Amino acid sequence: MKLSFCIPSLNRPEYLCQTIKSICSNEKHSSEFEVIVYNNFSDIPYTIVEETINRLSLNYNINYRVGTSRLDIDRSMFEAIRYSKGDYLFFIGDDDFLLEDGIQSIFDLIEKTDFDLAVFNAILINGTENTKKELIGYSGRTYNQLDLALMELKIYCAYSNILIKSRYYIESDFKYLIGSSHAYGSYWFAFFREFEKDINPIIIVPKEHVVCMRAVVKNYKILDVIYKDIDIEFKLYYAVIGEKSKKVLKKFEENYWKQHSSLKELVYYAYYKYDLRSIKQLNPLFYKKYLIKIQLSMIIAAIIIPVLKPVRDQFRKTN
């Protein structure tokens, strides 16, 4: 098997059907890929998903599994990966989907390009598919130095837009990161081990757009992942990676906290009704350090933006 699509799913049967259909759209390669769906003990019926899978299974390899209890993000992803047989793994969210000819573009990339990890410049859309923008903002770039790739791409390596050689997924690495909400990125361990030997993986941002990522309400607590779980991930990495790798990761960490402590970022979360006061429990040190900025961002989101936004919208209409 050349390629495995891994899809953990929770309470999104309609979106998941679109995801599966977008993948199972090219019979030319139907024998070369599989689709693995893990239903994380959803609260709502998946009848339409099961009907879709039963119909498509006549021509495509689809492995559908249903959990017997609710798992966290990491364990749910592990269940979607553990049964994969492909030489390459493609992670895609249950609310995302491939563009037309996406399958062909992926196989063309595998067959014609030498790479270890491909991070796609996904198209970001809203729930109604009306608003579209690019995830990364550039494409057609190759990284032959791990430090530069880590700095520029790790933040974009969500489990919905990457294609990676399966040999970089080592079960013990994945399980080590369980509890950090970032275990799907455990391939960085393999990259760090090679980096310590002066071996750099080939990481690319392909020219082609192949996936649409949908901006809808997530099935996890965003502030927990951003301000608490990532801190766990950093500490786990530092405990085992080599000195050379630690220096690279430290630079990334510094940039990460710079971005997520910016007034722009904090105002964004406050405006979209995320309770920034919860950061006090999630990451006490961060909260104490940036308390004034956090309080200011809540004021801006609650008072200033509601006043200015209608003015801005009216200005755009008249110009």
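Going left to right, the sequence shown walks through residues 1 to 319 as our numbering numbers them. Ideal Cβ placement from N, Cα and C applies to all residues, glycine included. Just so it is clear, the structure is predicted and the values come from calculations on it, not from any experiment.
Since residue i sits in a beta bridge, which residues does DSSP pair it with?
i      : result
Ile164 : Leu89 and Leu117
Ile7   : Val37
Quick check: does the Cβ of residue i come within less than 6 Å of any heavy atom belonging to the ligand COA?
i     : result
Arg70 : This structure simply doesn't include the ligand COA, nor any ligand for that matter.
Taking the alpha helix (DSSP H) that residue i belongs to, which residues open and close that run?
i      : result
Ser172 : Glu171 to Leu177
Ile48  : Thr47 to Leu56
Arg193 : Tyr187 to Phe195
Phe152 : Note that residue 152 is Glu in the sequence shown, not Phe. Counting along the chain, the alpha helix (DSSP H) containing Glu152 begins and ends at Leu146 to Leu153.
At what residues does the beta strand (DSSP E) containing residue i begin and finish?
i      : result
Tyr38  : Phe33 to Asn39
Cys374 : Since the first residue shown for the chain is 1 and the last is 319, residue 374 is missing from the structure and cannot be characterised.
Asn61  : Asn61 to Val66
Ile23  : Where Ile23 is concerned, there is no enclosing beta strand (DSSP E), although the alpha helix (DSSP H) it sits in stretches over Pro13 to Ile23.
Run the CB neighbour count on residue i, radius 10 Å, all protein chains shown included, and call it buried at 16 or more, exposed below.
i      : result
Pro8   : buried
Ser105 : buried
Arg214 : buried
Ile20  : buried
Val211 : buried
Ile323 : Only positions 1 to 319 of the chain appear in the structure, and residue 323 is not among them; the question remains open.
Val240 : exposed
Ile230 : buried
Gly140 : exposed
Ile304 : exposed
Ser69  : exposed
Ile48  : exposed
Ser172 : exposed
Ile162 : buried
Asp198 : exposed
Asp108 : exposed
Tyr269 : buried
Leu135 : buried
Val267 : buried
His283 : At residue 283 the sequence reads Asn, which differs from the His that was named. Buried.
Leu56  : buried
Ile103 : buried
Glu14  : exposed
Arg277 : exposed
Asp101 : exposed
Ala301 : buried
Tyr46  : buried
Val307 : exposed
Ile204 : buried
Asp74  : buried
Checking contacts by CB at 7 Å: is residue i closer than that to chain B?
i      : result
Tyr287 : Of the chains in the structure shown, none is chain B; there is only one protein chain.
Under 8 Å, with one C-beta from each stretch per pair, do the region 77 to 84 and the region 45 to 58 reach the 3-pair mark? no
Mind listing, in chain order, the continuous beta strand (DSSP E) runs of no fewer than 3 residues lying wholly within the region 72 to 143? 88 to 91, 117 to 119, 123 to 126, 132 to 134 and 141 to 143
Any chance you could list the alpha helix (DSSP H) runs of at least 4 consecutive residues sitting entirely within the region 281 to 306, in chain order? 284 to 289 and 291 to 299
Just to confirm the assignment: which complete alpha helix (DSSP H) runs, minimum length 4, are found wholly within the region 200 to 275? 230 to 240, 243 to 260 and 263 to 271
May I ask you to verify whether the region 137 to 152 touches the region 235 to 242, counting CB pairs closer than 8 Å and requiring at least 3? no
With contact counted as at least three CB pairs below 8 Å, one residue from each stretch, are the region 114 to 123 and the region 32 to 42 in contact? no
Would you call the region 192 to 212 and the region 242 to 251 touching, i.e. three or more CB-CB distances under 8 Å? yes
Contact between the region 162 to 169 and the region 57 to 72 (3+ Cβ pairs under 8 Å): no
If we count Cβ pairs, one from each stretch, closer than 8 Å, do we get three or more for the region 63 to 71 versus the region 22 to 33? no
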